[in-house]
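Shown next, in structure tokens, is the structure this report addresses.
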Amino acid sequence: MEETKKGSPSISVEELRVKGNDCVKDGKFIEAVLHYTQALKMDPNNYVLYSNRSFAFLKLDQHYLSLQDANETVRLQPQWAKGYFRRAEVEAASGLYDEAIISYTRALQLEPHNVKLMESIKTITDEQKKKIKGHQNTIWICTCVGLIVGIGVVLLDYTLTTSPTLNHPVSMVAFAMALAGLGWAIGKTSTLMSAWSAGKTLQPPEDLATNETSEQETAAPEKKAKYSKAQARQRYKQGKL
1 MEETKKGSPS ISVEELRVKG NDCVKDGKFI EAVLHYTQAL KMDPNNYVLY SNRSFAFLKL
61 DQHYLSLQDA NETVRLQPQW AKGYFRRAEV EAASGLYDEA IISYTRALQL EPHNVKLMES
121 IKTITDEQKK KIKGHQNTIW ICTCVGLIVG IGVVLLDYTL TTSPTLNHPV SMVAFAMALA
181 GLGWAIGKTS TLMSAWSAGK TLQPPEDLAT NETSEQETAA PEKKAKYSKA QARQRYKQGK
241 L
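Residue numbers (UniProt numbering): 1 to 241.
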């Protein structure tokens, strides 16, 4: 084993990888990330380490960081099915079912006989169907509730008041249908908001975004004036400007 200048033994990339894997088995995902990160500093092109760290980040619900590592895995080794599998797992966890199916399919193309990939595709496809059916049910229920409320208001108005506001059958039907349409709009809006929320967990963490902004501001400091106003006037009198 190699030794550092101080005489203490240095740890190898493989040893750090094994330590990280052991931490994952024990559920110590933060420690696993630290081990994988230290190993990547020594071997920044090791796609297996990126894949392993992606899994650890996913277990910590750090979807943005997990996806970054999965994409790096694919970039470094595009013919390795597990890289696409890692990416699909993050996308599925973030609610991006269409993207997850594409990534799973790409992995299956590289390993056509991988049973786990086949099962993953079936599972995510079923989840997508359930989601679509759930959205349809939400719209249908909201529409029915709107219609029932509309009919109820019409009946109460007709039976409990001496001079009903809605005293014509056409106006009664129109009012009930209007509330049914309002219910449909509410249900549709609800499903659209649910669809828009998919992938929100893939946004960079606030502290990471703040650090990136600070680095950009530091990298581009404001330009200072070359001369003071007094110096500029003096140089102008001397004909240097």
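No residue lacks a Cβ here, since even glycine has one placed at the ideal position from N, Cα and C. Keep in mind the model is a prediction, meaning the values are calculated, not measured.
Item: Assuming Ala56 contacts Leu49 (C-beta within less than 8 Å), just tell me the rounded distance between them.; Value: About 10 Å separates the two Cβ atoms, so there is no contact after all.
Item: Report buried or exposed for Ala220, applying the criterion of at least 16 other Cβ atoms within 10 angstroms of its Cβ.; Value: Note that Ala220 scores 44 on pLDDT, short of 50, meaning its location in the model is unreliable and no value can be drawn from it.
Item: For Glu111, name the three-state secondary structure that DSSP assigns.; Value: coil
Item: Would the region 86–95 and the region 185–204 be scored as touching if the rule is three or more Cβ pairs under 8 Å?; Value: yes
Item: For Glu15, is the classification buried or exposed, using 16 other Cβ atoms within 10 angstroms of its Cβ as the cut-off for buried?; Value: exposed
Item: Specify the secondary structure class of Lys28 as computed by DSSP and reduced to three states.; Value: coil
Item: Assuming Ile101 contacts Thr125 under a Cβ cut-off of 8 Å, what Cβ separation, rounded to an integer in Å, is found between them?; Value: 7 Å
Item: Looking at Trp184 and Ile139, is the spacing between their C-beta atoms short of 8 Å?; Value: yes
Item: If we count the other Cβ atoms within 10 Å of its Cβ and call it buried at 16 or more, is Met42 buried or exposed?; Value: exposed
Item: Excluding the five sequence neighbours on either side, which residues of its own chain have a C-beta within less than 7 Å of the C-beta of Lys188, listed in chain order?; Value: Ile139
Item: Which same chain residues, not among the five before or five after Lys19, have their C-beta less than 6 Å away from its C-beta?; Value: His35
Item: Look at Arg75 and Asn52 and say whether their C-beta atoms are less than 8 Å apart.; Value: no
Item: Is it right to say His168 is buried, meaning 16 or more other beta carbons lie within 10 angstroms of its own, or is it exposed?; Value: exposed
Item: Count the CB pairs spanning the region 154–162 and the region 101–118 that are closer than 8 Å, and state whether there are at least three.; Value: no
Item: Once the 5 residues before and after Pro164 are set aside, which same chain residues still bring their CB inside 7 Å of it?; Value: Asp157, Tyr158
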